[in-house]
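Presented below is the structure to which this report refers.
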Amino acid sequence: MRRIGTLLILVFVITLQGCLTLKQPSHKIDYYTLEYETLPFEQKGKDIPLSSILRLERFSIAPLYNTDRIIFRDRDFKRTSYRYHRWRNNPADLVTFYLGRDMRNSGRFQAVTSYNSSIPYTHKVEGGIDEFLEWDSDSGWNVVLSVNITLLDSRETDVSKKVIFQKQFSTTKKCEEKHPEFVAKAMSLAMADISRKICSTIITSLSKK
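Heads up: the sequence shown at position 175 corresponds to 175 in my numbering, and the numbers run straight through without jumps.
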């Protein structure tokens, strides 16, 4: 009888804990993405190479930022992430998508294809994200975005002449308020700025070919 009583008490406690767990609301995770319209840009080249077909490869990303969590730096040598505030997608996918969209919207290329497309292409754009984070300081919050871009001529048979340019694009934007929502807003401005510069640099480089 004593064993049965002990067993019943144990079952009751486990059941009660389960009910309490079900009644306790789980913490809501907020997801953020980039949001901006393609910015116009000035073209310095004379002849726009509309015959160019660009293949945009999926960008690589530094291991530290290869996550959907929003990474922030609040002191030297330390990187932390929010638990309940995350990016909707991996930053590598976000940057690749928005750059491709802006390149297509520019209307300066015959076509811009993705890395999994079967369409033949004349040039290839490769890239990597070196920094994609919130940077906190006594003066406020900022976002830092740094992307390296390599433009290659896919028609060139001489390997030493394939690379048209390799360049780093970096920018910092201030957050209006100290909240992840404004981190996403500032990062959107940073992406818009960098994307415009990348598009302009590619067009200028191809115009010289």
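We treat Cβ as the ideally placed atom computed from N, Cα and C, and that holds for glycine.
Excluding sequence positions up to five away, which residues of its chain have a Cβ less than 7 Å from the Cβ of residue i?
| i | result |
| --- | --- |
| residue 199 | 41, 102, 103, 106 |
| residue 35 | 188 |
| residue 197 | 169 |
| residue 154 | 121, 122, 123, 124 |
| residue 177 | none |
| residue 222 | Nothing about residue 222 can be read from this structure; the chain reaches only from 1 to 209. |
Taking all protein chains shown into account, do 16 or more other C-beta atoms lie within 10 angstroms of the C-beta of residue i, making it buried, or fewer, making it exposed?
| i | result |
| --- | --- |
| residue 52 | buried |
| residue 29 | exposed |
| residue 195 | buried |
| residue 47 | Residue placement at residue 47 cannot be trusted, given a pLDDT of 48 that sits under 50; the coordinates are not used to answer. |
| residue 77 | exposed |
| residue 100 | buried |
| residue 134 | buried |
| residue 21 | For residue 21, the predicted model reports a pLDDT of 43, less than 50, meaning its position is unreliable and no value from the coordinates is stated. |
Determine the closest residue to residue i out of the options, with distance taken between C-alpha atoms.
| i | options | result |
| --- | --- | --- |
| residue 191 | 91, 111, 54 | 91 |
| residue 119 | 206, 56, 208, 207 | 56 |
| residue 184 | 59, 72, 150, 27 | 72 |
| residue 32 | 74, 182, 208, 149 | 182 |
Grab me the residues of residue i's own chain with a C-beta within less than 8 Å of its C-beta, minus the 5 sequence neighbours each way, in chain order.
| i | result |
| --- | --- |
| residue 54 | 103, 109, 111, 112, 113, 121, 122, 123, 124, 125, 202 |
| residue 74 | 80, 136 |
| residue 140 | 174, 175, 178 |
From what residue to what residue does the alpha helix (DSSP H) around residue i run?
| i | result |
| --- | --- |
| residue 185 | 180-207 |
| residue 50 | Taken as a continuous stretch (DSSP letters only), residue 50 belongs to no alpha helix (DSSP H), as it is neither H nor E. |
| residue 93 | 91-105 |
Note down, in chain order, each residue of its chain lying with its Cβ closer than 6 Å to the Cβ of residue i, except the 5 sequence neighbours on either side.
| i | result |
| --- | --- |
| residue 85 | 30, 70, 180 |
| residue 186 | 143, 173, 175 |
| residue 167 | 149 |
| residue 193 | 171 |
Tell me the residue span of the beta strand (DSSP E) that contains residue i.
| i | result |
| --- | --- |
| residue 31 | 30-32 |
| residue 149 | 140-153 |
| residue 117 | It is not in any beta strand (DSSP E) - residue 117 carries neither H nor E in the DSSP assignment. |
Task: Contact between the segment 111-123 and the segment 75-87 (3+ Cβ pairs under 8 Å) - done: no
- [ ] For the segment 85-96 and the segment 128-135, state whether three or more C-beta atom pairs, one from each stretch, are separated by less than 8 Å.
- [x] yes
Task: Inter-stretch contact at 8 Å, needing at least 3 Cβ pairs: the segment 58-74 / the segment 162-179 - done: no
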